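Asker: Dumping the structure here so I can ask a few things about it.
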Amino acid sequence: MSGWWGSYSFRCQPVDYSDSPMALRMARTCWWYYISKFTEFFDTLFFILRKKNSHVSTLHVIHHGCMPFSVWMGMKFAPGGHSTFFALLNTFVHIVMYFYYMVSAMGPEFQRFLWWKRYLTSFQMLQFVAIFAHQFQLLFTECDYPKSFMIWIAVHGLLFLFLFSDFYKVNYSKGAKRPNQGARWKGAQRRRRAAPAARSRATTSRASSPTRTRRATRTEAPGASCRRPGRRRPSSRRAPSHTVSA
């Protein structure tokens, strides 16, 4: 942003290899953009830790695999100039994308606001169309910018446009039946409202069922069941009488 909102030209912007403040600032911006490509590896790490291997798709692997190398080439041989428009646009798209991830991680109450997920994918595809057009225009103008690096960035835009369009067809075409975040939130709300009613019906059914009495069986000695505890049966034999002689 330090160059594109100021003196940079969208039609042709050569690389400034001098030690001027603007050139050093753009080189420093390219370095930070290069570091940000490594922080995106945390996406893959979190998907693996949460066992969401389906999210680690071909698009995901190619995008996160080749971007650090490509940005390193740009920072090493062309730190600034025409191709930094790619970094500017890509950074803005990632801000919107990670805002979507943040809201999605806040729970079902906030996921109902994520109805615009498919438009986020469309926004990403529009980004690659703009990158492709912005790079290939140098083929028709006289510009002191490395043509090889311009073609490399344009091929990136074309490749990612193809991969993201395939992702869009699989997930958002008419034949793909995938519930959106709003439908998931409504389903969670219905289940939450139905849970107290189900518990109430279960409690009522238990209360109306006949009470089962359990009879405890005691093992007693033969003949002991007729005796009362604490009292002895009187003996049937009489004690012999003793006479005391005077």
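Each residue of the sequence shown is one higher than the one before, counting from 86 in my numbering. By construction, the Cβ of each residue, glycine as well, lies at the ideal position given by its N, Cα and C atoms. Nothing here was measured: the structure is a model prediction, and the numbers come from that model.
Take the Cβ of Ser103 as the centre, count every other Cβ of all protein chains shown within 10 Å, and call the residue buried at 16 or more, exposed below.
Answerer: Reading the sequence shown from its first residue, position 18 is the one you call residue 103. By the neighbour-count rule (16 or more Cβ atoms within 10 Å), Ser103 is not buried but exposed.
Asker: On the CB-based measure, 16 or more other CB atoms within 10 Å of its CB, does Thr304 come out buried or exposed?
Answerer: As a working note, residue 304 is residue 219 in the sequence shown. Only weak support exists for where Thr304 lies, its pLDDT of 47 falling under 50; the coordinates are left without a value.
Asker: Leaving out the 5 sequence neighbours to the left and right, which residues in its chain are closer than 7 Å to Met182 when beta-carbon positions are compared?
Answerer: By one-based count along the sequence shown, residue 182 stands at place 97. Leu205.
Asker: Beta-carbon separation of Leu174 and Gln212 under 8 Å?
Answerer: Position 89 of the sequence shown, counted from the first residue, corresponds to residue 174. Position 127 of the sequence shown, counted from the first residue, corresponds to residue 212. Yes.
Asker: Cutting at 6 Å between CB atoms, please list the residues of its own chain near Tyr164, excluding the five before and the five after it.
Answerer: Counting from 1 along the sequence shown, the entry for residue 164 is found at position 79. Reading off the sequence, residue 164 comes out as Pro, not Tyr. Contacts found: Ala112 and Cys115.
Asker: Around the Cβ of Val146, are there at least 16 other Cβ atoms within 10 angstroms (buried) or fewer (exposed)?
Answerer: By one-based count along the sequence shown, residue 146 stands at place 61. Exposed, because fewer than 16 other Cβ atoms sit within 10 Å of the Cβ of Val146.
Asker: Does the beta-carbon of Phe217 have 16 or more other beta-carbons within 10 angstroms, so that it is buried, or is it exposed?
Answerer: Within the sequence shown, residue 217 is the residue found at index 132, counting from 1. Buried is the call here.
Asker: In this structure, how does DSSP classify Thr328 when only helix, strand and coil are distinguished?
Answerer: Position 243 of the sequence shown, counted from the start, is the residue given in the question as residue 328. Reliability fails at Thr328, whose pLDDT of 42 lies under 50, so the model's placement of it is uncertain and no value is given.
Asker: Please confirm if the segment 218-226 is in contact with the segment 116-134, defined as three or more CB-CB distances below 8 Å between the two stretches.
Answerer: Taking 8 Å as the limit for Cβ pairs, the verdict is that the segment 116-134 does not touch the segment 218-226.
Asker: Hey, out of Arg197, Ser94 and Phe127, whose CA is closest to Phe170's CA?
Answerer: On the sequence shown, residue 170 is found 85 positions in, with the first residue counted as 1. With distances taken between Cα atoms, Phe170 lies closest to Ser94.
Asker: Could you tell me the distance, in whole angstroms, from the CA atom of Tyr185 to the CA atom of His219?
Answerer: If you number the sequence shown from 1, residue 185 lands on position 100. If you number the sequence shown from 1, residue 219 lands on position 134. When rounded, the distance between both Cα atoms is 27 Å.
Asker: Along the chain, where does the alpha helix (DSSP H) containing Leu199 start, and where does it finish?
Answerer: For the purposes of this step, residue 199 is taken as the residue at position 114 of the sequence shown. Note, Leu199: premise wrong, no alpha helix (DSSP H); not H, not E.
Asker: Going by alpha carbons, who is nearest to Val255 out of Ser105, Thr143, Arg96 and Phe123?
Answerer: Translated into the one-based positions of the sequence shown, residue 255 becomes position 170. Ranking the options by Cα distance to Val255, first place goes to Thr143.
Asker: Give me the Cα-Cα distance between Asp128 and Pro231, rounded to the nearest whole angstrom.
Answerer: As a working mapping, residue 128 is identified with position 43 in the sequence shown. As a working mapping, residue 231 is identified with position 146 in the sequence shown. Their Cα atoms are separated by approximately 33 Å.
Asker: Assuming Ser155 and His241 form a contact by the criterion Cβ under 8 Å, report the distance between their Cβ atoms to the nearest whole angstrom.
Answerer: For the purposes of this step, residue 155 is taken as residue 70 along the sequence shown, with counting starting at 1. For the purposes of this step, residue 241 is taken as residue 156 along the sequence shown, with counting starting at 1. Their Cβ separation, rounded to whole angstroms, is 6 Å, which keeps Ser155 and His241 in contact under 8 Å.
Asker: Just to confirm the assignment, what range does the alpha helix (DSSP H) spanning Pro153 have?
Answerer: The residue given as residue 153 occupies position 68 in the sequence shown. Where Pro153 is concerned, the enclosing alpha helix (DSSP H) stretches over Thr143 to Phe162.
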